[in-house]
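Protein chains in written order, with the working numbering: chain A, 9 to 359; chain B, 9 to 359. Where is the CB? At the ideal position from N, CA and C, for every residue including glycine.
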């Protein structure tokens, strides 16, 4: 019998030349982040299926590689569903396992806990150029830090690393989930449709403001709401002034502390940054994962056709494992969908 | 809903303190083996189910974590078997994937190819002290080197590493699958029962020579064969003289080059070794994996209750992927069953 020579679909053999580069980059990531006080940690690649299916992972939950039960526990009959046959699966990101880890080990961890993870994740995505079914994510997260110091430190650590890797002239685009919601409320979109509105907003870079407005109208949203939305996005600028404008415009819909926090992050990062990049306010930034609750960001590089990483605050996620009153938290984590693997940083604060 | 805090059964969260030690050891392994000219490489953690089931992995094949087909390919009905539902699985070792990798990428690799792999493997073993369902293996293999230079270099690289890790006074136990077979033929055991005989021999360290003889008789083997076997094992010494004795005793059953090769390996290693260890001939050494065809070895440390690694030559394995005439090969690879993870080295030569 001749066996199969090629790797499984969407995954790849790594040749020695590429491995050399990977080991260099991984070592630089490790030393840079450890220099900022992040501690290496690891979770198993296999997670409980009920955790993976817990609606934290958005679209990624449809892409889980499920692992079959074994021995007597595997009972196959005509009524068996996928759910009956699987008891675990490969992790699709490092954030959900980190939340489980923190809930499981908090007593043995410092507070705040600054975590560094480098590990493979798996998604049964349609294989295509630059998108693999096994790829490495590199996450930094801060857990137990309620203030925006967490965001500032994560952005500085990430951009310092990118500078060391000789990336220049990139942009950190920043927004806040609460600003997005306030904007949707201000425009008059019905609350139950906000997620739908955000999905359309997310296409701004591809179809432009006219395209977004057109699509919102086609979805049946009130003309008046769409017009208010168009006017808001036409006026807002991608800088501190833009945040200030939004703070005033959304008065009554938005907690002013939220806009102030964003301005603090932008000012502080600008004041102490060492790498060559700019930080921009981007009211169209949505981010796919459903667990984000506060500031969100993405790293854009023109030469790589868009996002190479990002993250955001994810309040309440650890609480889902501890059954405590949901703490608030923050996270910056990568999307992993832009390339073979992407640098990323993650943060969570439960205070 | 409260999610599950604990990791899945048999796998573990790694805390920052342990990660620090692991990163130190992994870096030392990498630099030491790269100093011997081994090149880092990687295969996906997921392998084709037909490769994993191809009878290369011995007992480990019963322990595969199987991954379910997805989408339309998953058809569940009352006649579905496990095999119908899975298209891939997690690798149970690094050797089978290496053979696939070499068959797939030989044109882009040097010859001989000296491979270094550090990666997780998964076995659905009964969880118990020191035995995990996800653990890291560290393998070195030489492919494309027919001579015993491969064995010598692998033993020197491995023992140099162990010396750097401050291990002292350990033993490399060495044997050859062909000597085992010749011994079985000489004693008069029927060829179809050799594997069974070897399984009993493998228990020598636990039940002693009398226990082995007793069990062989109980299995129904001829008294005369068992007696010849007992006498052979009583007389053989754990050194070069033992190999010389076996070479003469098994005259007519054994290719003398095989014994000469073993003596060359033992003499060369003794002459140039730098670490504090001894190399011993052990006629009772069997090794579980079915793919071994020539010299085999294990590293014993009294303070760790036995084997902490090992390997052997595995001729013909790459050929199963290329459909060429089976080449001959060598391999030293770890068992991974002695501890949470074990250092190991692997070698294959196809010439």
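In the three-state reduction of the DSSP assignment, residue 73/A falls in the coil class.
Counting only residues of its own chain and dropping the five nearest sequence neighbours on each side, residue 94/B has a CB closer than 8 Å to the CB of 57, 74, 75, 76, 77. Chain order gives the chain A residues near residue 88/B as 84, where near means a beta carbon separation below 7 Å.
With respect to residue 251/A, residue 142/B sits apart: the two C-beta atoms are not nearer than 8 Å.
Residue environment for residue 280/B: exposed (fewer than 16 other C-beta atoms within 10 angstroms of its C-beta). The beta-carbon of residue 49/B is placed less than 8 Å from the nearest beta-carbon of chain A.
Closest by C-alpha distance to residue 187/B, out of 221/B, 259/B, 176/B, is 259/B. Within the same chain, and ignoring the five residues on either side of residue 300/A in sequence, the residues whose Cβ sits closer than 6 Å to its Cβ are 185, 320, 322. The secondary-structure analysis by DSSP pairs residue 303/B across a beta bridge with 184/B. Taking residue 235/A as reference, the option from 248/A, 253/A, 197/A with the minimal CA-CA separation is 197/A. Under the 8 Å criterion on CB atoms, residue 182/B is classed as non-interfacial with respect to chain A.
Residues 151, 326 of the same chain have their beta carbon placed closer than 6 Å to that of residue 110/A, with the five preceding and five following residues left out of the count. Within chain B, not a single residue places a beta-carbon under 8 Å from that of residue 261/A; the smallest gap is close to 31 Å. Relative to residue 52/A, the option among 49/B, 27/B, 20/B, 26/B whose CA is nearest is 20/B.
In this structure, the alpha-carbon of residue 124/A lies about 41 Å from that of residue 157/B. For residue 329/B, the chain A residues whose C-beta falls within less than 8 Å of its own C-beta are 10, 11, 12, 13, listed in chain order. Beta-bridge pairing by DSSP links residue 309/A to 314/A. Residue pairing by DSSP places residue 289/A opposite 182/A in a beta bridge. The way I'd put it, the segment 88 to 103 of chain A doesn't touch the segment 20 to 35 of chain A; fewer than three beta-carbon pairs between them come closer than 8 Å. Distances from the alpha-carbon of residue 135/B to those of 309/B, 330/B, 15/B put 15/B closest. With respect to the 8 Å criterion, residue 294/A and residue 287/A are not classified as neighbours on the basis of their beta carbons.
For residue 328/B, the closest alpha carbon among the candidates 35/B, 60/B, 12/B is that of 60/B. For residue 166/A, the closest of 182/A, 183/A, 181/A, 148/A by C-alpha to C-alpha distance is 148/A.
Beta-bridge partners of residue 144/A (DSSP): 128/A.
For residue 107/B, the uninterrupted alpha helix (DSSP H) segment begins and ends at 103 to 113. Around the CB of residue 132/A, 16 or more other CB atoms lie within 10 Å, so the residue is classed as buried. Between residue 126/B and the set 313/B, 30/B, 284/B, the nearest pair of CA atoms involves 30/B. For residue 136/B, not one C-beta of chain A is nearer than 8 Å to its own C-beta. Remark: fewer than three beta-carbon pairs, one from each stretch, lie closer than 8 Å, so the segment 98 to 118 of chain B and the segment 110 to 119 of chain A are not flagged as touching. Between residue 241/A and residue 169/A, the C-beta spacing is not below 8 Å. Residue 138/A: not part of any beta strand (DSSP E); DSSP gives it neither H nor E. For residue 153/B, the nearest beta carbon of chain A is not closer than 8 Å to its own beta carbon. Between residue 100/A and residue 65/A, the gap from beta carbon to beta carbon is short of 8 Å.
Using a Cβ-Cβ cut-off of 9 Å, residue 73/B is close to 54, 75, 76, 78, 96 of chain A, given in chain order. Note: residue 55/B is bridge-paired with 97/B in the DSSP secondary-structure output. Counting along the chain, no alpha helix (DSSP H) covers residue 322/A, and no H or E run does either.
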